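Student: Residues 21 to 221, numbered by the working numbering, are exactly what the sequence shown covers, in order. The structure that follows is given in the form of structure tokens.
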Amino acid sequence: MRVAFVALAILALSCGSRSEPTAPSGEITEVVYERMPDGSVRKTTITRRSVPAPPPPARPADAYPGDPLVRYNVERVNAYRARGGLPPLLYDARISAFAVQGSQRLARDHVPHAHFAENAQAQRFGSRSAENQGDPRGVPSLHPDPATNARRQIDTMLEMMFAEGPGGGHYDNMMNPKFRRIGIGNVYVGGRLYMTNDFSD
């Protein structure tokens with residue numbers, strides 16, 4: 021019963037964020053009227069069209085670090101993507117370094133996505149990016165064995181994110197077919213997991 025209560029409390033506090041290209045495809049038309057020196061009026065129609073930025077060229081996955089939980093996190097996300105017939109995400113070391121910074125900040129200030137909101141555009145991860153973070157207070161310990169505990173903490177967060185279904189920010193980030201790469205930032209403070217998964221194309 022306690023685990024179920026903890027899971028519900030965590031679900032209420034986890035959150036997702038995304039950054040898309042500045043504008044969707046479409047046209048904006050503007051009409052400008054100018055009075056000419058001879059008194060006539062000249063009408064100029066300006067049409068602006070925005071198109072999504074192309075994704076960066078594909079490249080292979082980076083090597084996993086020594087922490088087996090990073091690979092575990094990636095494999096669990098990819099297992100959910102497989103349910104929807106989506107290709108697996110590739111591990112990205114650069115995005116992971118960014119995700120670790122996000123988790124470190126979350127552990128300090130408990131403000132979801134503060135690091136992502138301030139820095140994602142500057143990182144130029146691709147044409148789009150998104151972030152899922154777990155409980156901003158940290159996912160509490162769920163098992164006395166450290167390895168089992170860490171896997172359960174990751175599983176609990178990913179299960180709740182996926183359970184949101186289509187239209188839920190976490191689910192949509194996990195299942196976005198445009199994303200090809202993932203960065204993992206799992207930071208432990210006082211036994212609590214501060215979890216960040218960053219996505220990009």
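A virtual CB, placed ideally from N, CA and C, is assigned to each residue, including glycine. Predicted, not measured: the structure shown is a model, and the values here were computed from it.
1) Just to confirm, is the Cβ distance from residue 135 to residue 121 under 7 Å?
2) Skipping 5 residues on each side, what residues in its chain have a beta carbon closer than 8 Å to that of residue 147?
3) Between which two residues does the alpha helix (DSSP H) carrying residue 116 extend?
4) Going along the chain, which unbroken runs of the alpha helix (DSSP H) with 4 or more residues stay wholly within the stretch 178-203?
5) Give me the residue from 113, 92, 51 with the minimum Cα distance to residue 80.
6) Going by DSSP, which residues form a beta bridge with residue 206?
7) Label residue 83 either buried or exposed according to how many other C-beta atoms from any shown protein chain fall within 10 Å of its C-beta, with 16 as the threshold for buried.
8) With DSSP as the reference, please indicate the residues paired to residue 50 in a beta bridge.
9) Would you mind listing the beta strand (DSSP E) stretches within the stretch 56-100 that are 3+ residues and don't spill past its ends, in chain order?
10) In its own chain, which residues sit with a C-beta less than 8 Å from the C-beta of residue 101, not counting the 5 before and 5 after it?
11) Do you know how far the Cα of residue 169 is from the Cα of residue 67?
12) 7 Å is my cut-off, CB to CB: does residue 103 come that close to chain B?
13) Have a look at residue 215 and residue 93 and give me their C-alpha separation to the nearest angstrom.
14) Since residue 158 and residue 137 are thought to touch, with beta carbons under 8 Å apart, how far apart are those beta carbons, to the nearest angstrom?
15) Please classify residue 141: is it buried, with 16 or more other beta-carbons within 10 angstroms of its beta-carbon, or exposed?
16) Do you know how far the Cα of residue 207 is from the Cα of residue 167?
17) Quick check on this structure: which residue in 53, 197, 171, 203 has the alpha carbon closest to the alpha carbon of residue 105?
18) Measuring straight from C-alpha to C-alpha, what distance separates residue 184 and residue 49?
Tutor: The structure says:
1) It is a contact, given that the beta carbons lie within the stated cut-off.
2) When the five nearest sequence neighbours on each side are left out, the beta carbons in the same chain lying within less than 8 Å of the beta carbon of residue 147 are those of 41, 72, 73, 74, 75, 76, 221, in order along the chain.
3) For residue 116, the uninterrupted alpha helix (DSSP H) segment begins and ends at 113-129.
4) Qualifying alpha helix (DSSP H) stretches, in chain order: 189-194.
5) Residue 113 is the option with its Cα nearest to residue 80.
6) Beta bridge pairing from DSSP links residue 206 with 215.
7) Residue 83 should be labelled exposed.
8) Answer by DSSP bridge pairing, in chain order: 66.
9) The stretch 56-100 is shown to contain whole beta strand (DSSP E) runs of 3 or more residues at 61-70, in chain order.
10) Only 107, 108, 109, 194, 195 meet the Cβ criterion.
11) Going from the Cα of residue 67 to the Cα of residue 169 covers about 57 Å.
12) The structure shown contains no chain B, having only a single protein chain.
13) Just so you know, the alpha carbons of residue 215 and residue 93 end up roughly 10 Å apart.
14) At roughly 20 Å, the Cβ-Cβ gap does not stay under 8 Å, so residue 158 and residue 137 are not in contact.
15) For residue 141, the number of other beta carbons within 10 angstroms of its own is below 16, and it is reported as exposed.
16) If you take the alpha carbons of residue 167 and residue 207, they lie about 14 Å apart.
17) That would be 197, whose Cα lies nearest to the Cα of residue 105.
18) Spanning the two alpha carbons is a distance of roughly 38 Å.
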